[in-house]
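Under our numbering, the first residue of the sequence shown is numbered -2, with each subsequent residue one higher.
Since the structure comes first, as structure tokens, the remarks are kept for the end.
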Amino acid sequence: MGSQWIFLSGEFVRKEDAVVSVYDHGFLYGDGVFEGIRVYSGNVFKLDAHLKRLYESARSIKLEIPYSKEDMEEAIVNTVRKNQLDNAYIRVVVSRGVGNLGLDPTHCNNPRVIIIAEALALFPKELYERGLRLASVSSRRNRPDVLSPQIKSLNYLNNILVKLEANQANADEALMLNDQGYVTEGSADNIFIVKNETIYTPPVYLGALEGITRNAIIDLAKEYGYDMRQEPFTRHDVYVADEVFLTGTAAEVIAVVEVDGRKIQDGTPGKVTKHLLSAFRNIVKTDGVQCYPVTKSNAEV
Ligand code: PMP
């Protein structure tokens, strides 16, 4: 494959030329929103749900995305096609655009839209077989009434700080609590536990992003007849769970086998986790929007 093409506010430019101004408030202040989306065999998985979340995040920060959802969908599909990708990770970024050095976004009149699609560096197979080690961290999840975790904003410092703490503890991922001590999520994934055949994930109001993979897993769990509940739980509940797993666009469904130095049961991925991963992988090629074959609307790219 030749050079990578980036969609930059309406044009395809080469990766080397895809640059934005240092006065962009996305860069200066983390003022903007984004999505991470996956393509499986040319199928943009759950594209509608990702677009809904992107536009809701933007509405929440009063950022007007300069495209309709339909045009954004077309731009995303065209970016995948332009780069001739079958399996990919897509990053959509909408930043507030160029302003002055002051905070006030009213001086930013041109939001920037960036779409990057690249071949995916998959999580190694061994990681799914071995499972992850988590460390609970001292930084708490942003409070929903301060900076809502539902806004997938360019300000990811809360998540980066906990990732640093996890690295420090030699763990693969962080376990974030809220200010009441209830479990919320990982730095970039939602968390589930299984106890006595029942599956639990924290309700999003506690301070978790409403993950699209999370929602897909909730639906699949119900479809397969599991008792699936969205209820608060604590770190203790995680330590003594039968199974623990994380979900996310990049991670899909991945077992957690150790938390804060405590093994989860025998320290190997559990059967519910494995079942839900395989059920998930069965739907990813069909539940979304196909980029191929060429349709009239995207034949010209
Ligand atoms: N929580 C956070 C903080 C995230 O950044 C992500 C990744 N977008 C997730 C959870 C998982 O969400 P999704 O399944 O939509 O990728």
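Quick reminder that beta carbons are idealized off the backbone N, C-alpha and C, glycines included.
Because the structure is a prediction, the values reported are computed rather than measured.
Report yes if the C-beta of residue i is less than 7 Å from at least one heavy atom of the ligand PMP; otherwise report no.
| i | result |
| --- | --- |
| Asn156 | yes |
| Asn167 | no |
| Asn187 | yes |
| Thr210 | yes |
| Thr195 | no |
| Leu274 | no |
| Gly258 | no |
| Glu182 | yes |
| Gly33 | yes |
| Leu206 | yes |
| Thr244 | yes |
Look up residue i in the DSSP assignment and give the residues it is bridged to.
| i | result |
| --- | --- |
| Val90 | Phe31, Ile111 |
| Gly245 | Glu249 |
| Thr130 | Inspection of the sequence shows that residue 130 is occupied by Arg rather than by Thr. BP columns for Arg130 point to Glu255. |
| Met69 | Note: Met69 sits in no beta bridge, so no partner. |
| Tyr37 | Asn40 |
| Asp224 | Thr195 |
| Ala116 | Ala85 |
| Ile190 | Tyr197, Val241 |
Can you list, in chain order, the residues of its chain whose CB lies under 6 Å from that of residue i, leaving out five sequence neighbours each side?
| i | result |
| --- | --- |
| Asn97 | His104 |
| Ala247 | none |
| Val110 | Ser6, Val91 |
| Val281 | Tyr37, Phe42 |
| Gly99 | none |
Can you give me the Cβ contacts of residue i inside the same chain, cut-off strictly under 7 Å, excluding the 5 residues immediately before and after it?
| i | result |
| --- | --- |
| Lys293 | Low confidence applies here, because Lys293 scores a pLDDT of 48, under 50, leaving its location unreliable; read the following figure in that light. Counting only Cβ-Cβ distances below 7 Å, and skipping sequence neighbours, we find nothing. |
| Leu217 | Leu273, Ala276, Phe277 |
| Lys160 | Ala171, Ser184 |
| Val74 | Val41, Val286, Cys288, Asn295 |
| Asp176 | Arg137, Arg140 |
| Thr195 | Asp224, Arg226 |
| Glu297 | Model confidence at Glu297 stands at a pLDDT of 49, short of 50, so the residue's coordinates are unreliable; what they give is reported in the following sentence. If we look at Glu297 and ignore the five residues flanking it on each side, it has no Cβ neighbours. |
| Thr231 | Gly178, Tyr179, Val180 |
Between the options, which lies nearest to residue i when the distance is taken from Cα to Cα?
| i | options | result |
| --- | --- | --- |
| His47 | Ser18, Thr265, Gly204, Ile148 | Ile148 |
| Val19 | Asn84, Gly94, Asn156 | Gly94 |
| Thr76 | Ile62, Glu53, Tyr64, Glu115 | Glu115 |
| Lys59 | Asp284, Ser150, Asn279 | Ser150 |
| Phe120 | Val250, Thr195, Leu144 | Val250 |
| Gly39 | Thr265, Pro108, Asp83 | Asp83 |
| Val30 | Arg50, Ile209, Leu44 | Arg50 |
| Glu8 | Asp284, Ser135, Leu174, Lys79 | Lys79 |
| Glu240 | Glu162, Leu129, Asp284 | Leu129 |
| Pro266 | Asp257, Val256, Asn279, Phe242 | Phe242 |
Is residue i near the ligand SAM, with its Cβ less than 7 Å from a heavy atom?
| i | result |
| --- | --- |
| Leu217 | Absence of the ligand SAM from the depicted structure is noted, with the ligand PMP being the only ligands included. |
Between residue i and the rest of its own chain, which residues show a CB-CB distance below 8 Å, the 5 nearest in sequence each way excluded?
| i | result |
| --- | --- |
| Asn139 | Ser145, Pro146, Asn155, Gly204 |
| Ile215 | Thr198, Met225, Gln227 |
| Tyr64 | Ala72, Val110 |
| Asp234 | Val180, Ile190, Lys192, Tyr197 |
| Ile260 | Checking the sequence shown, residue 260 turns out to be Lys, not Ile. Val254. |
| Leu206 | Pro146, Gln147, Lys149, Glu182, Asn187 |
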